[in-house]
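Input: a single structure, listed below in structure tokens.
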Amino acid sequence: MKFEPLIIFCFILFSCKNPSVNLDKSKLLIDTLNIEGNEFIVFQSYPGRDTSCNLTIIDSNKDTVYKHTNYATNGFEFEDFDCDGILDIRMNQLSNIGGISELIIFDKTRKSFKEVMNFTDFADPERIKNTEYWYSYQRRGCADENWESKLFKILNFEAIEMGSIDGIFCNSESSKGIFIYKTTKDQRIKIHYENKGSNEYVDRHKYIEDYWTRNFMKFD
Numbered sequence: 513m514k515f516e517p518l519i520i521f522c523f524i525l526f527s528c529k530n531p532s533v534n535l536d537k538s539k540l541l542i543d544t545l546n547i548e549g550n551e552f553i554v555f556q557s558y559p560g561r562d563t564s565c566n567l568t569i570i571d572s573n574k575d576t577v578y579k580h581t582n583y584a585t586n587g588f589e590f591e592d593f594d595c596d597g598i599l600d601i602r603m604n605q606l607s608n609i610g611g612i613s614e615l616i617i618f619d620k621t622r623k624s625f626k627e628v629m630n631f632t633d634f635a636d637p638e639r640i641k642n643t644e645y646w647y648s649y650q651r652r653g654c655a656d657e658n659w660e661s662k663l664f665k666i667l668n669f670e671a672i673e674m675g676s677i678d679g680i681f682c683n684s685e686s687s688k689g690i691f692i693y694k695t696t697k698d699q700r701i702k703i704h705y706e707n708k709g710s711n712e713y714v715d716r717h718k719y720i721e722d723y724w725t726r727n728f729m730k731f732d
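Throughout, our numbering is defined as the position within the sequence shown, counted from one, plus 512.
In structure tokens, the structure reads:
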């Protein structure tokens, strides 16, 4: 079933938080998502224009099937994040560390959409090829001399940390180097330390990729 523009507009008008706000398509991000033969409309107000309308998903019957609790400050995009053949929704958030997003995926069992909890804990996530693991990267201050990468996987719609690499190279730090931890439910256990200067890790992104690709299985 195709959505008529007037129907979409009227439904959107009364679906957002404040129906008195004059929403028109020039103020809305709207895109169509096709999943298993079903068509969904995903929309939110443009970042910086009107934050009364959070990301909302309606089905072909014009029923609201999902409405997000937070506003996507930098819009949204479709991406098959978990490589299951179904497009997911990445909601991009502006932040001082960069790369922060929220993830909404389709629950094939319940035929509905669900947010992946704790996903914002993992900035700029990258998948380890041919695995069900991802790793993040984020700055941790001191002009990016300190940084962190977390290994994680998604289970039951929750992003779960499995391990982390801490790069500590700021001159004010008493102990510098690479610290690698295995993460359990209650604690982080240090399993490796390299006492080397920051110049040894100019290409930190290559170091992170290589380490997680070679060692991810040790953290399960």
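Where a beta carbon is used, it is the ideal one built from N, C-alpha and C, also for glycine.
* Asked: Would you say glutamate 614 and glutamine 605 are within 8 angstroms of each other, going by their C-beta atoms?
  -> Reading the sequence shown from its first residue, position 102 is the one you call residue 614. Reading the sequence shown from its first residue, position 93 is the one you call residue 605. Contact: yes.
* Taking just the CA atoms, how far does glutamate 551 sit from serine 572? -> For this step, residue 572 is matched to residue 60 along the sequence shown. For this step, residue 551 is matched to residue 39 along the sequence shown. Rounded to whole angstroms, serine 572 to glutamate 551 spans 6 angstroms at the Cα level.
* **Where glutamine 556 falls, given that 16 or more other Cβ within 10 Å makes a residue buried** => As a working note, residue 556 is residue 44 in the sequence shown. Label assigned to glutamine 556: buried.
* To the nearest angstrom, report how far apart glutamine 650 and glycine 679 are at their CA atoms. => For the purposes of this step, residue 650 is identified with residue 138 of the sequence shown, where counting begins at 1. For the purposes of this step, residue 679 is identified with residue 167 of the sequence shown, where counting begins at 1. About 10 angstroms.
* Close Cβ partners of aspartate 636 (< 8 angstroms) along its chain, the five nearest in sequence each way excluded -> The count along the sequence shown starts at 1 and reaches residue 636 at position 124. Around aspartate 636: Gly610, Gly611, Ser648, Tyr649 and Gln650.
* To do: Could you name the residues that DSSP lists as bridge partners for valine 554?
  => Start at 1 with the first residue of the sequence shown, and residue 554 comes out as number 42. Listed as beta-bridge partners of valine 554 by DSSP are Asp543 and Ile569.
* Taking only the alpha-carbon atoms, compute the straight-line gap between glutamate 589 and histidine 717 and give it to the nearest angstrom. => On the sequence shown, residue 589 is found 77 positions in, with the first residue counted as 1. On the sequence shown, residue 717 is found 205 positions in, with the first residue counted as 1. Taken atom to atom, the span from the alpha-carbon of glutamate 589 to that of histidine 717 is near 24 angstroms.
* Within 10 angstroms of its Cβ, does cysteine 522 collect 16 or more other Cβ (buried), or is it exposed? -> Along the sequence shown, one-based indexing puts residue 522 at 10. Below a pLDDT of 50, predicted positions are generally treated as unreliable, and cysteine 522, at 39, falls in that range; the measurement from the model is reported next regardless. Flag for cysteine 522 reads exposed.
* Report the rounded CA-to-CA distance for serine 607 versus threonine 643, giving the unit in angstroms. => Translated into positions along the sequence shown, residue 607 becomes position 95. Translated into positions along the sequence shown, residue 643 becomes position 131. Cα-Cα distance, rounded: 29 angstroms.
* What are the boundary residues of the alpha helix (DSSP H) that includes asparagine 604? -> As a first step, residue 604 is located in the sequence shown; it is residue number 92 there, counting from the start. Unbroken run through asparagine 604 is the beta strand (DSSP E), 600–605; no alpha helix (DSSP H).
* For glutamate 660 and lysine 730, the rounded distance between their alpha carbons -> Locating residue 730 in the sequence shown gives position 218, counting from the first residue. Locating residue 660 in the sequence shown gives position 148, counting from the first residue. The C-alpha of glutamate 660 is placed about 19 angstroms away from the C-alpha of lysine 730.
* Asked: To which residues does DSSP link tryptophan 646 through a beta bridge?
  -> Taking the first residue of the sequence shown as 1, we reach residue 646 at position 134. For tryptophan 646, which the question treats as bridged, DSSP gives the partners Arg639 and Phe664.
* Give the straight-line distance between the Cα atoms of methionine 513 and arginine 652, rounded to the nearest whole angstrom. => Position 1 of the sequence shown, counting from 1, holds the residue named residue 513. Position 140 of the sequence shown, counting from 1, holds the residue named residue 652. Only weak support exists for where methionine 513 lies, its pLDDT of 44 falling under 50; the value from the coordinates is given anyway. Computed Cα separation, rounded: 48 angstroms.
* **Rounded straight-line distance, which links the Cα of isoleucine 616 to that of arginine 602** => Here residue 602 refers to the residue found at position 90 when the sequence shown is read from its first residue. Here residue 616 refers to the residue found at position 104 when the sequence shown is read from its first residue. Taking the straight line joining both Cα atoms gives about 7 angstroms.
* Asked: Quick one: Cα of lysine 579 to Cα of serine 686, how far?
  -> Position 67 of the sequence shown, counted from the start, is the residue given in the question as residue 579. Position 174 of the sequence shown, counted from the start, is the residue given in the question as residue 686. Their backbone Cα atoms lie some 47 angstroms apart in a straight line.
* Asked: For phenylalanine 735, which of Asp656, Glu670, Leu667 and Gly675 has the nearest alpha-carbon?
  -> Past the boundaries of the shown model lies residue 735; the chain is included only from 513 to 732, so the question cannot be answered.
* Closest to glutamate 706 by CA distance: which of Tyr693, Gln699 and Ala584 is it? -> Working through the sequence shown from its first residue, we reach residue 706 at position 194. When only C-alpha atoms are compared, the closest one is Tyr693.
* For isoleucine 609, name the three-state secondary structure that DSSP assigns. => What you label residue 609 is simply residue 97 of the sequence shown in a count that begins at 1. Three-state result, isoleucine 609: coil.
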